[in-house]
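Trainee: Quick one: the structure is below, and I'll ask about it shortly.
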Amino acid sequence: RAEEWLRRMLEASMVPSETSFGCVVLAACAEGSPQKVEELMMQMIRLRIRPGKDIFDAVLRLFAARREAQKVEEWLLNAGQSGWTPEQAAFEAAVLLFADVDAGKAEEWLSRALQTEYRLPDSCFCAVVQAFTRAGRIDKATDRLSRMLQEGRSPSEPTMCEVVSSLAEAGDVPLAEAWLAQLTGKNSAAVDGLRRTLFDAAMRAGDVGCAEQQFGQFVEPDADRTQRLASALAERGETERARVALQRYGALGGPPTQETNTALLSVCASLGDISGAESAVVALMALAPLTDVQVSLLQAAVGEERTDEIMNNQAAASSCDDGVDDLDGAVPPPGGRGRGGSARASSGRSSTGSAAG
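Sequential numbering of the sequence shown, starting at 75, is according to the numbering used here.
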């Protein structure tokens, strides 16, 4: 009804007051009618009626709720032309909405907001960094990230992870490592995963030192990466560091595998570490019979005599185990507990005793 009376006033060539228009605009905003709101606002502008700041704020909240970035920008500009600085939430909405579709626009509205008295939250800055990261403009992302830190702001962990991951995938290992250092002390699953991503990038780039540094901070065992690092170190003649890497895998609770234990056996053989080689062989024998290569490595580490002794001991242990299994599965013959069974057992012992005598 208010809208109807407003229309009648206009038809009668009367000029409604800003208050009259404002009441209807605010009601249309509450209804969630964006088309009606825009029609009324444009009528006010054509009639040179200056909408109040509260009206602009209501219109901006409506389009922000509808996630219409272009409309938010349009009415922010209209508010500025009318001499108003809309509420902080409108600038935040512009930054966050454009961050999903246009990194450049998101940064533009962040810069505009910084020219006001408002202090936007860190989440707006992080959104711009992530927008540039997703757009492949990693230079802009790291520049904005640096400025955040200079201003004493705190980038979120997901933001840092995205930047480091993008740098690693782009092959910029030194810069990725430098930014990852900002996450020192954080041991979340995301950060651990990021260390693995950087490990892979460093291995591709041939930066074994960086890969080794990231490996040393893993919180979960990783057989494949352990094997790759140990092989790379062994190829460079860094057998002691290779052994440390393989032993760390076990220290983290990694289950024994053919690959890791064979690598450990090889490294121990190169170092003359007899105890380490024997431990690796014991673990290998628990998995499967030794291969010819593994036997050769063991011989190189402990000598042929000790190798034969270890192999014989293992064969004897396996034989005993098989014997126990056979006995456990045996079914005693009928009457085994009666007189006949006792007699046979007695006879067997006697016979054996006689033979021994």
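Ideal placement from N, C-alpha and C gives every residue a C-beta, glycine not left out.
With a Cβ-Cβ cutoff of 9 Å, do residue 276 and residue 288 count as a contact?
Mentor: Cβ distance < 9 Å, so residue 276 and residue 288 count as in contact.
Trainee: Return the residue from the list 124, 111, 320 that minimises the CA-CA distance to residue 93.
Mentor: The shortest C-alpha separation from residue 93 is found at 124.
Trainee: Measuring CA to CA, which of 217, 182, 230 is closest to residue 200?
Mentor: Nearest C-alpha to residue 200: 230.
Trainee: Round the Cβ separation of residue 254 and residue 272 to the nearest angstrom and send it over; I've been treating them as touching at under 8 Å.
Mentor: With 8 Å as the limit, residue 254 and residue 272 qualify as a contact, their Cβ atoms being about 6 Å apart.
Trainee: Per DSSP, what kind of secondary structure is residue 149 in: helix, strand or coil?
Mentor: If DSSP states are grouped into helix, strand and coil, residue 149 belongs with the helices.
Trainee: Can you tell which of 366, 242, 334, 363 has the C-alpha that lies nearest to the C-alpha of residue 301?
Mentor: Measuring from the Cα of residue 301, the nearest candidate turns out to be 334.
Trainee: With distances taken between CB atoms, is the gap from residue 165 to residue 143 smaller than 9 Å?
Mentor: Taking 9 Å as the Cβ cut-off, residue 165 and residue 143 do not qualify as a contacting pair.
Trainee: So, are the CB atoms of residue 134 and residue 167 less than 9 Å apart?
Mentor: Yes, the pair counts as a contact, with Cβ atoms nearer than the cut-off.
Trainee: If we cut at 9 Å on Cβ distances, does residue 323 have a partner in chain B?
Mentor: In the structure shown, chain B cannot be found, because there is only a single protein chain.
Trainee: Considering just the uninterrupted stretch of the alpha helix (DSSP H) at residue 222, what are its terminal residues?
Mentor: Segment 212 to 224, the alpha helix (DSSP H) holding residue 222.
Trainee: Check residue 81 in the structure and name its three-state DSSP category.
Mentor: Helix at residue 81.
Trainee: For residue 120 and residue 264, I'd like the C-alpha separation in whole angstroms.
Mentor: About 54 Å.
Trainee: Leaving aside the five residues before and after residue 190 along the sequence, list all residues of the same chain whose C-beta is less than 6 Å from its C-beta, in chain order.
Mentor: Cβ neighbours of residue 190 beyond the five flanking positions: 159.
Trainee: Name the residue from 193, 214, 118, 228 whose alpha carbon lies nearest to the alpha carbon of residue 89.
Mentor: Of the listed residues, the one whose Cα sits closest to residue 89 is 118.
Trainee: Nearest to residue 319 by alpha carbon, out of 182, 332, 338, 378?
Mentor: That would be 338, whose Cα lies nearest to the Cα of residue 319.
Trainee: Could you compute how far the alpha carbon of residue 386 sits from the alpha carbon of residue 239?
Mentor: Cα to Cα, residue 386 sits roughly 52 Å from residue 239.
Trainee: At which residues does the alpha helix (DSSP H) containing residue 299 begin and terminate?
Mentor: Per DSSP, residue 299 belongs to the alpha helix (DSSP H) from 297 to 309.
Trainee: Let me know the secondary structure DSSP gives residue 207 once reduced to three states.
Mentor: In the structure shown, residue 207 sits in a helix (DSSP, three-state: H, G or I).
Trainee: By DSSP, does residue 192 sit in helix, in strand, or in coil?
Mentor: Correct three-state label for residue 192: coil.
Trainee: Using the C-alpha atoms, what's the distance from residue 249 back to residue 268?
Mentor: Spanning the two alpha carbons is a distance of roughly 14 Å.
Trainee: Compare the Cα-Cα distances from residue 183 to each of 215, 146, 340, 211 and report the closest residue.
Mentor: Residue 146 is the option with its Cα nearest to residue 183.
Trainee: In its own chain, which residues sit with a C-beta less than 8 Å from the C-beta of residue 332, not counting the 5 before and 5 after it?
Mentor: Excluding residues within five positions, the ones whose Cβ falls inside 8 Å are 358, 361, 362.
Trainee: Using DSSP with H/G/I as helix, E/B as strand and the rest coil, what is residue 292?
Mentor: Reduced to three states, the DSSP call for residue 292 is coil.
Trainee: Report the start-end ranges of each alpha helix (DSSP H) in the region 94 to 176 that is 4 residues or longer and not cut off at the edges.
Mentor: Entirely contained in the region 94 to 176, the alpha helix (DSSP H) runs reaching 4 residues are, in chain order, 108 to 120, 127 to 139, 143 to 155, 162 to 173.
Trainee: Residue 315 lies in the alpha helix (DSSP H); which residues open and close that run?
Mentor: 313 to 325 is the span of the alpha helix (DSSP H), which, as asked, contains residue 315.
Trainee: Using three-state DSSP, classify residue 248 as helix, strand or coil.
Mentor: Reduced to three states, the DSSP call for residue 248 is helix.
Trainee: What did DSSP end up calling residue 26 once you bin it into helix, strand or coil?
Mentor: The structure shown does not extend to residue 26, since the chain is modelled only from 75 through 431, so no value can be given for it.
Trainee: May I have the straight-line CA-CA distance separating residue 205 from residue 216, to the nearest angstrom?
Mentor: Whole-angstrom Cα-Cα distance: 12 Å.
Trainee: Can the beta-carbon of residue 341 be found less than 9 Å from the beta-carbon of residue 374?
Mentor: No, they are not a contact pair.
Trainee: Run through DSSP, which three-state label would residue 364 get?
Mentor: Coil at residue 364, not helix or strand.
Trainee: May I have the straight-line CA-CA distance separating residue 152 from residue 104, to the nearest angstrom?
Mentor: Straight-line Cα distance between these residues: approximately 20 Å.
Trainee: Could you tell me if residue 218 is buried or exposed, where buried requires 16 or more neighbouring beta carbons within 10 angstroms of its beta carbon?
Mentor: The residue in question, residue 218, is buried, as its Cβ has 16 or more Cβ neighbours within 10 Å.
Trainee: Please go through the same chain and pick out, in chain order, the residues whose beta-carbon is closer than 8 Å to the beta-carbon of residue 141, but skip the five residues on each side of it.
Mentor: Closer than 8 Å at Cβ, skipping near neighbours: 171.
Trainee: Taking the C-alpha atoms as reference points, what is the distance between residue 284 and residue 241?
Mentor: So the alpha carbons of these two residues sit roughly 14 Å apart.
Trainee: By alpha-carbon positions, which one of 247, 378, 309 ends up nearest to residue 279?
Mentor: Comparing Cα positions, the closest option is 247.
Trainee: Just how far apart, CA to CA, sit residue 20 and residue 282?
Mentor: Summary: the structure shown does not reach residue 20, with the chain confined to residues 75 through 431, and so no result is reported for it.
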